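A short worksheet on the structure shown next.
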DNA sequence: TTGTAGGCGTTATCAC
DNA sequence: GTGATAACGCCTACAA
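Chains as they are written, first to last, in UniProt numbering: chain B, 1 to 356; chain P, 1 to 356.
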């Protein structure tokens with residue numbers, strides 16, 4: 001059924017022969033560089049048309065060393081955060097006639113290292129990655145030593161020669177937290193899927209900028225309200241639905257349980273909502289929920305979710321623009337992206353406590 | 001900042017020189033084919049290690065004619081349907097050491113044609129596409145004449161030499177419709193984003209299998225219940241949020257408005273829910289809603305959405321497996337995929353009519 | 001088992 | 001303005 005027919009594709013040599021010119025002349029006419037007499041150009045173009053000539057991009061890449069391809073490494077394209085960012089990346093890439101090659105890592109460092117190696121072997125022109133670790137970065141350094149631009153999506157890694165496209169979440173996270181405090185909440189939990197590694201500060205991890213950013217926003221708001229943050233309420237490495245359910249169970253079982261929960265991303269938010277619903281915990285009657293991430297269905301959850309909405313599409317777009325600018329040796333101007341709070345109905349006044 | 005260093009990557013020739021052997025011997029040792037004495041193999045491998053040699057996949061592609069790359073063309077990676085399918089594709093591709101290159105078309109035929117051309121120029125080994133039209137298929141035929149396998153995701157196109165990975169929706173659509181009928185619904189609307197073109201049957205388009213499939217399930221169920229389908233309640237080409245709102249407005253304004261609405265996919269479902277909520281139409285009190293598609297947030301909408309859930313990840317996975325089997329000239333066994341109904345709370349008894 | 005000599009299709013160099 | 005000719009890095013006869 002799928003036997004490969006032997007009719008070879010036409011090459012420059014074929015076109016040249018048919019047009020009665022030399023190979024290099026044909027190549028010049030087709031590639032529109034160097035100088036060709038307009039008469040010859042027309043003849044070559046006509047021959048190409050007749051033979052249905054299409055340049056072999058692989059051969060072209062081999063010779064130029066460029067592939068017009070961007071390698072994109074995300075943890076999971078199913079996650080709306082990354083699918084939206086990827087759409088931004090492909091749209092920007094497309095506009096500059098670049099292509100996008102995709103790899104999922106499932107937040108697995110080994111997979112990320114592998115993806116980098118494969119992309120480098122395939123001679124992508126640049127790599128855009130949302131790195132899973134801020135500490136194991138030899139493979140990322142290898143990208144730079146190979147001479148290719150590296151763009152970090154959403155996370156900044158210190159000591160790495162790379163462009164970072166960051167969305168500032170802190171101000172919006174601060175605003176959302178302050179709003180909760182205004183509504184009487186003093187026990188505010190934060191649940192994150194982040195795989196922490198490396199140093200920590202007052203029990204909280206440090207190093208991956210987007211986390212610091214979210215946390216700083218939250219902690220600053222608490223500090224301003226003279227609320228001492230309780231390490232018990234800050235949970236990292238919550239990666240599965242089961243783990244989320246456990247954490248919710250633990251939090252609700254606390255002597256002084258949280259009255260509000262902040263979710264680091266949309267997947268965590270979903271699992272939290274699921275766990276709360278299973279336990280018939282009223283939202284926002286018993287506990288307020290705010291997601292520090294947005295997704296297409298957030299207006300339609302029950303109840304409609306209050307979110308901190310980061311401009312992810314724009315971040316992806318900017319990342320690809322930065323990558324392409326670097327490839328083509330233009331100096332890019334960094335864009336400043338800010339998340340904003342969208343108030344809906346999943347947050348409300350803190351419930352009055354049964355025990356004073 | 002991004003100056004390209006001049007330290008060339010090591011090539012087979014470099015490795016050969018360092019190991020003190022010929023180019024082809026080194027090549028054999030590295031590629032583990034042909035015969036090499038184990039002593040020489042070790043020497044070559046050591047040299048490669050020392051030089052940090054990595055094969056140039058572009059050069060390899062150039063003379064094998066294969067790129068170990070799958071081209072994937074979807075309308076929008078932001079759509080959970082396609083992001084989940086793409087995850088399935090990349091997972092299957094990865095397992096066989098293939099890569100995935102991605103293009104979005106926004107349901108635009110021109111963009112699809114362009115993507116096919118670019119992928120062919122880049123010498124992908126196969127193309128997986130959810131085609132936007134069942135009639136304009138010259139570009140798809142070009143894939144086959146180029147000698148590359150073509151796999152159609154979710155849609156079957158008659159007269160095209162391609163493998164189709166289909167999910168049978170009809171039985172589940174039939175079941176869901178019958179359930180609505182049991183609950184007293186006789187006015188059941190179907191809203192689809194599909195860009196119809198070509199022939200139609202009794203006012204309904206034909207040719208794109210997945211649509212036929214959904215429609216047949218619905219129409220058969222109505223027929224069994226002796227309910228005459230009303231063309232007024234079947235709407236195609238509903239592609240924007242604004243258009244969805246208009247259609248909802250029109251439907252609700254009908255003399256005999258629908259008491260249940262079937263949404264063809266999750267995006268339409270979202271827009272329908274949004275439009276109904278804006279008009280304060282109670283779900284399912286005033287109108288039942290069922291989506292003929294699933295997505296991660298369906299259990300958490302307000303109210304939790306009753307859906308026809310197709311195994312999309314599996315469909316994507318199967319599509320990539322089929323593509324790779326065809327590339328490697330294995331005969332693939334087609335997989336039968338079935339959607340199933342997940343009953344939740346967005347459907348209920350038909351409201352009693354004010355006017356008999 | 002090993003090495004030499006092409007060839008893949010393009011772009012780049014340099015005489016003419 | 002044009003056309004041989006040589007790269008790019010790999011694989012693969014074929015010969016030794």
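Glycine residues also receive a C-beta, built at the ideal position from the N, C-alpha and C atoms.
Nothing here was measured: the structure is a model prediction, and the numbers come from that model.
- Within chain P, no C-beta atom comes less than 9 angstroms from the C-beta of residue 293(B); the nearest is roughly 13 angstroms away.
- C-alpha of residue 87(B) to C-alpha of residue 93(P): approximately 21 angstroms in a straight line.
- In the structure shown, residue 244(B) adopts helical secondary structure according to DSSP, grouped into three states.
- Put simply, of 27(P), 143(P), 316(P) the residue whose alpha carbon is nearest the alpha carbon of residue 77(P) is 316(P).
- Looking at the DSSP output, residue 190(P) sits in a beta bridge with 234(P), 262(P).
- Residue 23(B) has its alpha-carbon roughly 48 angstroms from the corresponding atom of residue 106(B).
- In the three-state reduction of the DSSP assignment, residue 71(B) falls in the strand class, which pools E and B.
- For residue 62(B), the neighbours in chain P by C-beta distance under 9 angstroms run, in chain order, 56, 58, 59, 61, 62.
- Looking at the DSSP output, residue 99(P) shares a beta bridge with 69(P).
- A distance below 8 angstroms separates the beta carbons of residue 300(B) and residue 274(P).
- For residue 279(P), the closest Cβ of chain B is not nearer than 8 angstroms.
- For residue 332(B), the CB contacts under 8 angstroms within the same chain, skipping 5 residues up- and downstream, are 163, 321, 322, 325, 326 in chain order.
- For residue 48(B), the enclosing alpha helix (DSSP H) covers residues 38–51.
- Shortest Cα-Cα distance from residue 220(B) to any of 135(B), 169(B), 258(B), 247(B) involves 169(B).
- Beta-bridge analysis with DSSP links residue 164(P) to 152(P).
- Chain order gives the chain B residues near residue 78(P) as 83, 84, 87, where near means a beta carbon separation below 7 angstroms.
- Between the alpha carbons of residue 261(P) and residue 218(P) lies a distance of about 11 angstroms.
- The Cβ-Cβ distance between residue 153(P) and residue 319(P) falls below 8 angstroms.
- Secondary structure at residue 157(B): coil, using DSSP grouped into helix, strand and coil.
- For residue 187(P) against residue 256(P), the beta-carbon gap comes to about 6 angstroms, under 8 angstroms, which counts as contact.
- Here residue 122(P) is buried. Its C-beta has 16 or more other C-beta atoms within 10 Å.
- Inter-segment contact for the region 25–32 of chain P and the region 28–39 of chain B is absent: fewer than three beta-carbon pairs are separated by less than 8 angstroms.
- Sequence-ordered contacts of the region 116–130 of chain P with chain B read 117, 118, 120, 121, 122, 123 [C-beta pairs closer than 8 angstroms].
- By the rule that beta-carbons nearer than 8 angstroms mark a contact, residue 270(P) touches chain B.
- Shortest Cα-Cα distance from residue 146(P) to any of 238(P), 175(P), 65(P), 176(P) involves 65(P).
- Put simply, of 132(P), 160(P), 134(P), 135(P) the residue whose alpha carbon is nearest the alpha carbon of residue 143(P) is 160(P).
- In the three-state reduction of the DSSP assignment, residue 21(B) falls in the coil class.
- Per DSSP, the continuous beta strand (DSSP E) segment holding residue 340(B) begins and ends at 340–342.
- According to the DSSP assignment, residue 177(B) belongs to no beta strand (DSSP E) but to the alpha helix (DSSP H) extending over 170–182.
- Separation of residue 79(P) and residue 183(P) (C-alpha to C-alpha, rounded to the nearest whole angstrom) is 31 angstroms.
- When rounded, the separation of the alpha-carbon atoms in residue 71(B) and residue 328(B) is 16 angstroms.
- Identification of chain P residues near residue 101(B) by a Cβ-Cβ cut-off of 9 angstroms yields 69, 99, 100, 101, 102, ordered along the chain.
- Judged by DSSP secondary structure, residue 77(P) falls outside any beta strand (DSSP E); it is assigned neither H nor E.
- Annotated three-state conformation of residue 126(B) is strand, per DSSP.
- In the assembly as shown, residue 270(P) is a buried residue. Its beta-carbon has 16 or more other beta-carbons within 10 Å.
- The beta carbon of residue 301(P) sits closer than 8 angstroms to some beta carbon of chain B.
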